Every structure is written in C-alpha cells, then in structure tokens.
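Residue numbers (our numbering): 502 to 846.
Encoded as structure tokens, the structure appears first; notes follow it.
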Amino acid sequence: MPALLDLRSMLPEELAAALEPFGTPAYRSRQIFGWLQRRGAEQLGEMTDIPKADRALLGEHFRIAPCAIANKQAAERDGTVKYLLRLEDGETVESVVMRYAYGNTLCVSTQAGCRMGCAFCASGLHGLTRNLLPGEMLGQIHAARRDLGVEISHIVLMGTGEPLDNYENVLRFLRLASHPEGLHIGQRKISLSTCGLAPQIDRLQGEHLGLTLSVSLHAPNDAIRSALMPVNRRWPVEALLAACRRYAQSSSRRVSFEYALFRGVNDSVACAEELAGRLRGMLCHVNLIPGNPVPERGFARSEPAAVQAFARALERRGINATVRRSLGGGIEAACGQLRNQTKRT
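What follows is the structure, encoded as structure tokens:
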C-alpha cells in the first residue's frame, strides 16, 4: 500500500486541489497550509481552528511526515546547536543552528546519507539511504524553532546529502520555505551547496531563484580533485567552472567556492596560485575552511599558518577570500559525524 501524501510537502495550490474532492473550501486549505508552514504543526490535533471532522478526514487520507529530535549537542562557546533528527522510517539526518549577529542560520540536510563518495566527508560513509521529502527538510527548521524558541532567518543547504541529487524535492522545499504564507524566508537568505553536478547547476540557473550558489571545490586541478571527489571524474574542474560562470553571469550573483584545507593535500601556496588563475575574472568568493578531521577518513587539518598563507596568495591575485570562522567547538560539527554514531552502535 503506498504511503499517504505528506501534507507539509504540498504547495498551497496542490493542497487546495487535493482537498477539493472532499468539499473543503479554499479558505480552509489556506488555514491548514498556515498551520503546517508558518506555525510548524506536527500533529493534526494542534490545528485548533480546523473542525474535528476535517482533521479526521486529513488523518485518513494524508500524513505529516515526522522529524523528531533524537539527539542534541550544544557548543557553550558560540551557541551552535547540532541536532540528530529521526524520520518516520527510523532513518536519521542532521541539522545545525548557527548563531550570527544578523540572525540564526540553519544547516539543512537534503538526503539520508550521500552517494557522492567524497574522500574526506563523513556523510557518505554509509552511502545513500534515500532522498528527503520537502516536508522533512521543512521539519528540520520547525524542530529547531520549536526546541530553541527562536526564528530561523537564513538557510544553508549544506547538511547531509547532495541537494542537486534530490533536485525536484529541493526545489519544492525552496518554494515552500520562501512562500509568503509560510516561513517567508527570502531566496537571498538561502545558500545551496553542491559538490559539482554541472548539468544541474545549469538547470538551477534556469529557475531564476535568486539564492546563493555555493560550490564545494576543494582543489585547483583535476588530479587533486578527482582523488578527493569522485564526481570530478564525470564533470572535471573546467566543466564545473564553466557552469559556475554561466550561473554568475545569468544571476549577477557571485558564486561562493567552498575550499576545505587538508595538510599536505591541497593547502600549498602553489595550489592557491593555480586556483586564482582558474577563477580570475569570475564573479566569485572563496570560503576557506580548515578541514574538519573525520577519524574514518585519515585527513589532517591544515595548520593555521598554511591557511593564512593560502588566503594571502589568493588575495594577492585579486581573488576575494575569507577564512570561515570555526563554530561548534566541543561538538561533532562535521556533517555526518553524529549520524554515524548511530550507524556504528
């Protein structure tokens, strides 16, 4: 028997169309959408201004895919909070709340696991289990809001999984998260991170969403990047950067390149100079990240002096670069680490 449709994954017009055969008036479907999206209702019983008969009908024909907190870690130093969230099939995903002066940012997972196989990453240690529904991505936001009693002002799709490998569900999530009758988080406050699915970047460009594209680059050439990221064997650096140039030119928004630095692998000044040459003339920014060591992977974080030397080399060649402030000290902040604890036990 197929699973009931997830109410939280429906756009307003879809919800209205699904309820129309039951004689539900349009204003009632808008009320339900508000409960799901703006108020983050987890149970039909929370919808106190919806008649019991309508709630019973909803429970018979639809569901709200749960996203429950299974574990929580908080960093005392900077207030970062990491959640392990359990889904309806028992699978788990992670999300992280990061506190900044401009508001609270949530790092959202888009898949349970990941099939990209990056050599330094904890998320793909157990492969891909399944894609997340849009409602399960939204559930991560509502779980954090409810637990912390704060609003989420910014979203980064940088948690477990490759967002562009779950394209349709991610696109629907973006439209739901920014809907004016829902959370109404502006597209310019959303960043989407990809490991480099070049055709999907071109496809995303055609959506004209206004979000920030963030690309996990991590190497200046094919030899290093293919060793770190198997996706590069299909879409090499030049093909990826060409898609990024098209995205920047079409959107007039700079592309953010994520570059995790690992000792003796990709952190030399020569690597920085080669990277600068490849990025010259592109509307872009390089976000340097001291690599987060994952015990199962065996990579070591670059020394602070090497990170600064890398940044200076980029800036000397006209490439805008910053070193990401480290958040989440004292908790397992790398994507996938908390989830992997449950896989090991």
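A virtual CB, placed ideally from N, CA and C, is assigned to each residue, including glycine.
Since the structure is predicted, the reported quantities are computational estimates derived from the model, not experimental observations.
Which of the three DSSP states is assigned to residue i in this structure?
i, result
"C619", "coil"
"S769", "coil"
"E514", "helix"
"M659", "coil"
"P791", "strand"
"C785", "strand"
"I570", "strand"
"R689", "helix"
"A761", "strand"
"M638", "helix"
"V651", "coil"
"A720", "coil"
"R845", "Only weak support is given to the placement of R845: the predicted model assigns it a pLDDT of 46, under 50, and the question is left unresolved by the model."
"N821", "coil"
"L506", "strand"
"L712", "coil"
"Q544", "coil"
My understanding is that residue i touches residue j, with C-beta atoms under 8 Å, so please give their C-beta distance in whole angstroms.
i, j, result
"L677", "P635", "6 Å"
"E663", "M617", "5 Å"
"F674", "L649", "No, F674 and L649 are not in contact; Cβ-Cβ is about 21 Å, not under 8 Å."
"V795", "F621", "7 Å"
"Q706", "S752", "7 Å"
"P721", "L776", "4 Å"
Please report the distance separating the alpha-carbon of residue i from that of residue j.
i, j, result
"D768", "L741", "21 Å"
"R845", "A518", "Caution is warranted here: a pLDDT of 46 is assigned to R845, below 50, making its placement in the model unreliable, and no coordinate value can be reported."
"R631", "G614", "7 Å"
"L718", "I551", "49 Å"
"S596", "L633", "13 Å"
"A699", "G628", "21 Å"
"P791", "R764", "9 Å"
"R704", "E774", "31 Å"
"I702", "Y748", "7 Å"
"S803", "V766", "9 Å"
"P737", "S727", "8 Å"
"G778", "A527", "56 Å"
"V582", "G591", "22 Å"
"V651", "Q641", "13 Å"
"R734", "A812", "27 Å"
Between which residues of its own chain and residue i is the CB-CB distance below 8 Å, once the five residues before and five after are set aside?
i, result
"I565", "D507, L508, R509, L537, A542, E543, Q544, L545 and G636"
"E682", "P513, R531, F534, G535, Q538 and R539"
"I686", "I653, S654, H655, I656, A678 and S679"
"L516", "L508, S530, I533 and F534"
Ignore the nearest five residues each way along the sequence and tell me which others in residue i's own chain have a CB closer than 7 Å to its CB.
i, result
"F523", "L558"
"A849", "The shown model of the chain, from 502 to 846, leaves out residue 849, and the question about it has no answer."
"L710", "L675 and Q688"
"T525", "D555"
"Q466", "An answer regarding residue 466 cannot be provided, because it is not within the stretch 502 to 846 covered by the chain."
"C568", "L586, L588, E637, G640, Q641 and A644"
What residues in its chain sit with their C-beta under 6 Å from that of residue i, if we drop five residues either side in the sequence?
i, result
"K573", "Y584"
"F732", "A quick correction: the sequence has Val, not Phe, at residue 732. Correct list, in chain order: M617, C696 and G697."
"L520", "S530"
"L665", "T695, L698 and Q701"
**Message:** So, does the stretch 762 to 778 touch the stretch 802 to 818, judging by three or more C-beta pairs under 8 Å?
**Reply:** Segments in contact, yes.
**the stretch 749 to 761 / the stretch 780 to 794 touching (three or more Cβ pairs under 8 Å)** = The stretch 749 to 761 makes contact with the stretch 780 to 794: 3 or more CB pairs, one atom from each, lie closer than 8 Å.
**Asked** Given 8 Å as the limit, is there contact between the stretch 642 to 659 and the stretch 601 to 609, that is, 3 or more CB pairs closer than that?
**Response** Yes: the two stretches touch, three or more of their Cβ pairs being nearer than 8 Å.
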